[in-house]
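Under this note's numbering, think of the first position of the sequence shown as 6, with each following residue one higher.
Idealized CB from N, CA, C, for every residue including glycine.
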Amino acid sequence: MTTPAPPKAPAAPAARTRASPSKPLPWKAAAVAILLSILWGGTPASIRVAGDSVPPLFGAAIRFWLASLFMLGWCAARGERLWPRRHEWRPCGLLGLFLFVQIALYHTGVAATNASHAALFINTFVFWTAVIEHFVSRDDRLTGLRWAGLAVAATGVCTVLFTAGQTVSGGGTPATLRGDFIVAFSGFLLGAKIVVTKRTTKRVPPGTLILWHDILGASLLLALAAAVETFEPARLTTEAVLALLYQGLLVGGFCFGAQTALLERYSASRVTAFNAATPVWGVAIAVLMLGDPLSPWLFVAAGAVATGIVLINRRPRGATVRRPLREGG
Numbered sequence: 006m007t008t009p010a011p012p013k014a015p016a017a018p019a020a021r022t023r024a025s026p027s028k029p030l031p032w033k034a035a036a037v038a039i040l041l042s043i044l045w046g047g048t049p050a051s052i053r054v055a056g057d058s059v060p061p062l063f064g065a066a067i068r069f070w071l072a073s074l075f076m077l078g079w080c081a082a083r084g085e086r087l088w089p090r091r092h093e094w095r096p097c098g099l100l101g102l103f104l105f106v107q108i109a110l111y112h113t114g115v116a117a118t119n120a121s122h123a124a125l126f127i128n129t130f131v132f133w134t135a136v137i138e139h140f141v142s143r144d145d146r147l148t149g150l151r152w153a154g155l156a157v158a159a160t161g162v163c164t165v166l167f168t169a170g171q172t173v174s175g176g177g178t179p180a181t182l183r184g185d186f187i188v189a190f191s192g193f194l195l196g197a198k199i200v201v202t203k204r205t206t207k208r209v210p211p212g213t214l215i216l217w218h219d220i221l222g223a224s225l226l227l228a229l230a231a232a233v234e235t236f237e238p239a240r241l242t243t244e245a246v247l248a249l250l251y252q253g254l255l256v257g258g259f260c261f262g263a264q265t266a267l268l269e270r271y272s273a274s275r276v277t278a279f280n281a282a283t284p285v286w287g288v289a290i291a292v293l294m295l296g297d298p299l300s301p302w303l304f305v306a307a308g309a310v311a312t313g314i315v316l317i318n319r320r321p322r323g324a325t326v327r328r329p330l331r332e333g334g
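This is the structure:
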């Protein structure tokens, strides 16, 4: 009588594969990354559109209440905790305060300048993040090439400031130095917030952190708006409603979820390389859709900022690229 063969061991589950850092993104993933860059670039223009019937602080509050609703569904779908533990409230509160100040300045600054300038200055957050990580947190050191990226981008920003009056065509909203500086300072705060967020996600689940950062920030924005602004819902236009939905659900929701999905599957350096085009898209959308004043120097500056972003994102071979959980302002 033959002895029956022992049953075969079950096959080990296939390991989840990650794309090689040197392998280009598939065309579908690249198309999504380009779409995200365009959507982020359109944020300043959408703020200007909403601002025709919604005061800036009320618009900011509505934007992040909508983003909070998205994050609530996101956390529930992924099984992340909705309620922070006792020791997690302090970092959530700190980031909520950061969001409140940064976004209040951003929306106020956009209301005081035009969307094309705002698209350039808010994207300086990439450079502030790099500088803070180099000098303060020392998490990520700058190389000579990345310092060159900072210099190129700074040249682009200075070009915008020193050629502000050289308009070639277009009507639209004129830029102001006051609005430009407010948005630039908001970009600095966004860069600092990203560094704090990176460190905080080591102690608080990312979804929980972003959910309560949105809720607390939106609550403070709403309180300040109620104290200093007057909002007449009867004046709300269809365009303003669509612009608010764009900011809250498309930018704060879809863009967050789509980029997270890309970063879970592909090299971060490959995914975020497309973000370099965000300021260029922002300028183009503002000029084409809002009729912002057009100067050739504006596109030169946008190209310089985009080049700087590419150089700043360069890492030595094999280095890990850590990205913010949510891009843009």
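> Looking at the structure shown, is L87 part of a helix, part of a strand, or coil, going by DSSP?
Replying inline: coil
> Beta carbon of V188, beta carbon of A123: below 8 Å?
Replying inline: yes
> Alpha carbon to alpha carbon, what distance is there between G258 and F75?
Replying inline: 6 Å
> Taking C-alpha atoms, which residue in P301, G296, A281 and A306 lies nearest to I39?
Replying inline: A281
>> Just verifying my parser: in three-state terms, what is the DSSP assignment at G299?
In response: As written in the sequence, residue 299 is Leu, which differs from the Gly given in the question. The answer is strand: DSSP assigns L299 an E or B state.
> Relative to the C-alpha of M294, which residue among A120, V305, G78 and H218 is closest?
Replying inline: A120
> Do E234 and L110 have their C-beta atoms closer together than 8 Å?
Replying inline: no
>> Just to confirm, is the Cβ distance from G46 to G287 under 8 Å?
In response: yes
> CB-CB under 6 Å to T160, same chain, minus the five flanking residues each way: which ones, in chain order?
Replying inline: A309
> What does a CB cutoff of less than 6 Å around L77 pick up in its chain, not counting 5 residues either side in sequence?
Replying inline: none
>> My output table needs one value for F236: the three-state DSSP class, helix, strand or coil.
In response: coil
> Since Q252 is in the alpha helix (DSSP H), which residue starts that stretch and which ends it?
Replying inline: Careful: Q252 lies outside any alpha helix (DSSP H) and carries neither H nor E.
>> Can you tell me where the alpha helix (DSSP H) holding F186 begins and where it ends?
In response: L182 to T205
> Once you ignore the five residues that flank L316 on each side, which residues in its own chain have a CB closer than 7 Å to its CB?
Replying inline: L150, R151, A153, G154 and V157
>> Does the contact criterion of 3 or more C-beta pairs under 8 Å hold for the segment 237-254 versus the segment 53-71?
In response: yes
>> Please identify the residue among A180, A239 and I220 whose C-alpha is closest to the C-alpha of D297.
In response: A180
>> Checking 8 Å against the spacing of the C-beta atoms, do V305 and L299 come in under that value?
In response: no
> What first and last residue would you give for the alpha helix (DSSP H) that runs through E269?
Replying inline: F261 to R270
>> So for L247, helix, strand or coil by DSSP?
In response: helix
> What residues in its chain sit with their C-beta under 8 Å from that of S73, if we drop five residues either side in the sequence?
Replying inline: L216, D219, I220 and A223
>> Rounding to the nearest angstrom, what Cα-Cα distance links A228 and A117 in this structure?
In response: 21 Å
> Under 8 Å between the Cβ atoms of L100 and L214?
Replying inline: yes
>> Please tell me whether I199 and H112 are closer than 8 Å, where the distance is taken between their beta carbons.
In response: no
> For R95, does the three-state DSSP call read helix, strand or coil?
Replying inline: helix
> Under a Cβ-count criterion, where at least 16 other Cβ atoms within 10 Å of its own Cβ denotes burial, should T242 be classed as buried or exposed?
Replying inline: exposed
>> Output needed for R275: all residues of its chain with C-beta closer than 6 Å, excluding positions within five of it in sequence on either side, in chain order.
In response: L30
>> Taking the straight line between their C-alpha atoms, what separation do you get for S174 and K207?
In response: The predicted position of S174 is uncertain, since its pLDDT is 49 and thus under 50; no value can be drawn from it.
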